[in-house]
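Please read the structure below before turning to the comments.
2 protein chains.
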Amino acid sequence: MEIFPSIDHASRCTTCAIRHRSICDALSATEILSLNRIARSRVVPAGQMILGEGQARTVFANIVSGVVKLTKTLDDGRQHIIGLLFASDFLGRAYRAENPYFAEAATDVELCVFPTAGFERLLAEHPGLEHRLFQYTLTELDACQEWMLLLARKKAEERVASFLLMIAKRVPNMECSRVERRDEVHFVLPLSRAEISDCLGLTIETVSRQITRLKTRGVIELVNYREILIPDLARLQEAAYDAPAKVPLPKARRSVPAED
Amino acid sequence: MEIFPSIDHASRCTTCAIRHRSICDALSATEILSLNRIARSRVVPAGQMILGEGQARTVFANIVSGVVKLTKTLDDGRQHIIGLLFASDFLGRAYRAENPYFAEAATDVELCVFPTAGFERLLAEHPGLEHRLFQYTLTELDACQEWMLLLARKKAEERVASFLLMIAKRVPNMECSRVERRDEVHFVLPLSRAEISDCLGLTIETVSRQITRLKTRGVIELVNYREILIPDLARLQEAAYDAPAKVPLPKARRSVPAED
DNA sequence: CGTATTCTTGAGCCCCGTCAAAATCGGTGG
DNA sequence: CCACCGATTTTGACGGGGCTCAAGAATACG
């Protein structure tokens, strides 16, 4: 694992694109300086492994740009993407002897890498940093539990719509997309169909069919395989069955078949 | 929400059954005393709601005994149990304005309850407590991500076996079960079939059929609907597809790159 | 322009969901 | 102790959503 020498301690953080969205946000000027001193920039090409499942932790990192996928695999090859990391997200499981997942660059990725020992020392010395990481972990847990509901109970079309919605919300922060009109979103998918199916617990073919279905119904438009235009976010949200949970329902515990 | 007056500050924690497994474990004698001062015991009968989804947080608590289920629900009634809490587990999402889930007693439950404001003050004053809670949250996240793989990729029988395995590992800490011989486990299910199906993303009928199947194959024995005997944990583990790599089957579609 | 990869589309099937009914359990009262 | 009743669980029959297998189109790449 090659580490590039850091070049400019003084300015790197001040010009950092994710400075105020990452875990660094909560740090004071002096804390930032400490962190900066051990940080190294690193660029990882799409498809390359960053961390191996079960291997000893080698590194922590902020995602500066690009998308990282975290996967878990069953022995027979069945696998699942348990999480996606976007710009400003944090990679690495503090306080664990080994990684519980496999981390791989889904697109070309820029990382701000912190060596294990140094980062954990900082964590111990600066309570503010640990607190921020705790906050971030809670957000991760929220997202994970939300996704469980999708995997357990949503239909294929709802899953695909939910996925596109999630991407639409997170990717526009990057340069490859922009909001062009209110409620109209345009972005480039960071994942292949195979990877999407591994996010959703479906097969490639089902994902493809559901995307076609959404296209046919006019909920989305495909510029090309990877590029998607969403004319009306509300309609996609509807297809995702993402409506906010209302008041506790009347004891209807068994699934009620969806109407319309 | 009725709060019982605390009776014996001095002795409660020293006689607490979960004293050394809960988040209290990491606390010093003086910290324990502070926590103890605001703690209240509370007993919740099976089926009663403890925390409402989306409602303002009212309370944090240690589970002293019993099982608590955490559920999320879609508007049309589809629901999922995103987590189970057993003795020594912690209930409540610190730093969040509202609860992201419903918490309900699955069995009769004994809680050690901490009022919101008091607990958060302690959290701020005693870094050790926050650190411990962070550790606990990381464990929760691990479990959640593991469960996602189950929901996304395991077959019905594997799911049910995995569930029984999980219960077998956690429930024996309670008085309602005991290890009788090496690899033989006997326990009482804390959940109904309906609740199990909501854990696994299946239907009641499928859960029932798979349990029957496991029984027919001799992997488990049913004393009655709720009471289960596992003659050989290894066989159940096998059925759960929880085992370490045997024969990596024909290169799956997207294989894990890079084994070093 | 040719080849490899990715994506789409089609046909058939199977696992699991749905609907329905029977069996078992737990509790209650005679 | 037993009869009865509601709730839970099991079992059966059947259908459909999504998986599998297999081409065929579109795209990327040299």
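Residue numbers (this note's numbering), protein chains in the order written: chain G, 1 to 260; chain S, 1001 to 1260. Even for Gly, the Cβ is constructed at its ideal location relative to N, Cα and C.
{"Check": "Rounded C-alpha distance that separates G:K280 from G:S197", "Outcome": "Summary: the structure shown does not reach residue 280 of chain G, with chain G confined to residues 1 through 260, and so no result is reported for it."}
{"Check": "Proximal chain G residues relative to S:Q1048, where beta-carbon distance stays under 8 Å", "Outcome": "Result: empty, since nearest Cβ-Cβ is about 13 Å, beyond 8 Å."}
{"Check": "CA-to-CA distance, G:T58 to G:E2, given in whole angstroms", "Outcome": "Model confidence at G:E2 stands at a pLDDT of 46, short of 50, so the residue's coordinates are unreliable; what they give is reported in the following sentence. Their backbone Cα atoms lie some 12 Å apart in a straight line."}
{"Check": "Whole-angstrom distance between G:E146 and G:T267, CA atom to CA atom", "Outcome": "Outside the displayed range of chain G (1 to 260) lies residue 267 of chain G, so it cannot be described from this structure."}
{"Check": "Which of helix, strand or coil DSSP assigns to G:E53", "Outcome": "coil"}
{"Check": "Residue interval of the alpha helix (DSSP H) (run including S:E1031)", "Outcome": "A1029 to I1038"}
{"Check": "Top-ranked residue by Cα proximity to G:I230, from G:E184, G:E195, G:M148 and G:S208", "Outcome": "G:E184"}
{"Check": "Rounded separation between G:D142 and S:R1096 - CA only", "Outcome": "10 Å"}
{"Check": "Meets three-Cβ-pair contact criterion under 8 Å: the segment 33 to 40 of chain G and the segment 70 to 81 of chain G", "Outcome": "no"}
{"Check": "Per-residue DSSP class, three states only, for G:A17", "Outcome": "coil"}
{"Check": "Buried or exposed (CB count within 10 angstroms, at least 16 for buried), G:V223", "Outcome": "exposed"}
{"Check": "Three-way DSSP call (helix, strand, coil) for S:V1207 in this model", "Outcome": "helix"}
{"Check": "Contact set between the segment 133 to 160 of chain G and chain S, restricted to residues whose Cβ is under 7 Å from the partner", "Outcome": "F134, Q135, T137, L138, E140, L141, D142, C144, Q145, W147, M148, L149, L151, A152 and R153"}
{"Check": "Cβ-based burial, G:D25 [other Cβ within 10 Å; buried from 16]", "Outcome": "exposed"}
{"Check": "Coarse secondary structure for G:H126, derived from DSSP in three states", "Outcome": "coil"}
{"Check": "Contacts that S:K1169 makes with chain G (C-beta to C-beta distance below 7 Å)", "Outcome": "By Cβ distance, chain G contributes nothing, its closest Cβ being about 17 Å from S:K1169, past 7 Å."}
{"Check": "Per DSSP, the bridge partner or partners of G:S162", "Outcome": "For G:S162, which the question treats as bridged, DSSP gives no partner whatsoever."}
{"Check": "Integer Cβ distance of S:G1066 from S:V1113, believed to fall under 8 Å", "Outcome": "Actually they do not touch by this definition, with Cβ atoms about 14 Å apart."}
{"Check": "Cβ separation of S:I1204 and S:V1160, assumed to be a contact under 8 Å, to the nearest whole Å", "Outcome": "Actually they are not in contact, since the Cβ atoms of S:I1204 and S:V1160 sit about 12 Å apart, beyond 8 Å."}
{"Check": "Cα-Cα separation, S:R1132 to S:I1023", "Outcome": "6 Å"}
{"Check": "One or two residues paired with G:H80 in a DSSP bridge", "Outcome": "G:K72"}
{"Check": "Any chain G beta carbon closer than 9 Å to S:H1080", "Outcome": "yes"}
{"Check": "Within chain G, the residues that S:E1130 reaches when beta carbons sit closer than 9 Å", "Outcome": "P127, E130, H131 and F134"}
{"Check": "Within-9 Å CB hit, G:L76 to chain S", "Outcome": "Checking the sequence shown, residue 76 of chain G turns out to be Asp, not Leu. So, interface residue."}
{"Check": "Within chain S, the residues that G:G66 reaches when beta carbons sit closer than 7 Å", "Outcome": "Per Cβ cutoff of 7 Å: no residues; G:G66 is ~18 Å from chain S at best."}
{"Check": "Simplified DSSP state of S:F1134, which is helix, strand or coil", "Outcome": "helix"}
{"Check": "Same chain only: Cβ atoms within 7 Å of S:I1018, ignoring 5 sequence neighbours per side", "Outcome": "N1062, V1064, A1087 and S1088"}
{"Check": "Strand pairing of S:N1062, partner residues [DSSP]", "Outcome": "S:F1090 and S:C1112"}
{"Check": "9 Å Cβ cutoff, S:A1094 in contact with chain G", "Outcome": "yes"}
{"Check": "Short Cβ contact (9 Å threshold) for S:L1111 with S:I1032", "Outcome": "no"}
{"Check": "Classification of G:K169 by the beta-carbon crowding that lies within 10 angstroms, buried from 16 upward", "Outcome": "exposed"}
{"Check": "Contact check, S:G1201 vs S:L1151, beta carbons under 9 Å", "Outcome": "yes"}
{"Check": "Integer Cβ distance of G:A156 from G:T206, believed to fall under 8 Å", "Outcome": "5 Å"}
{"Check": "The alpha helix (DSSP H) enclosing S:A1240, as first and last residue numbers", "Outcome": "Careful: S:A1240 lies outside any alpha helix (DSSP H) and carries neither H nor E."}
{"Check": "Extent of the continuous alpha helix (DSSP H) to which S:A1194 belongs", "Outcome": "R1193 to L1200"}
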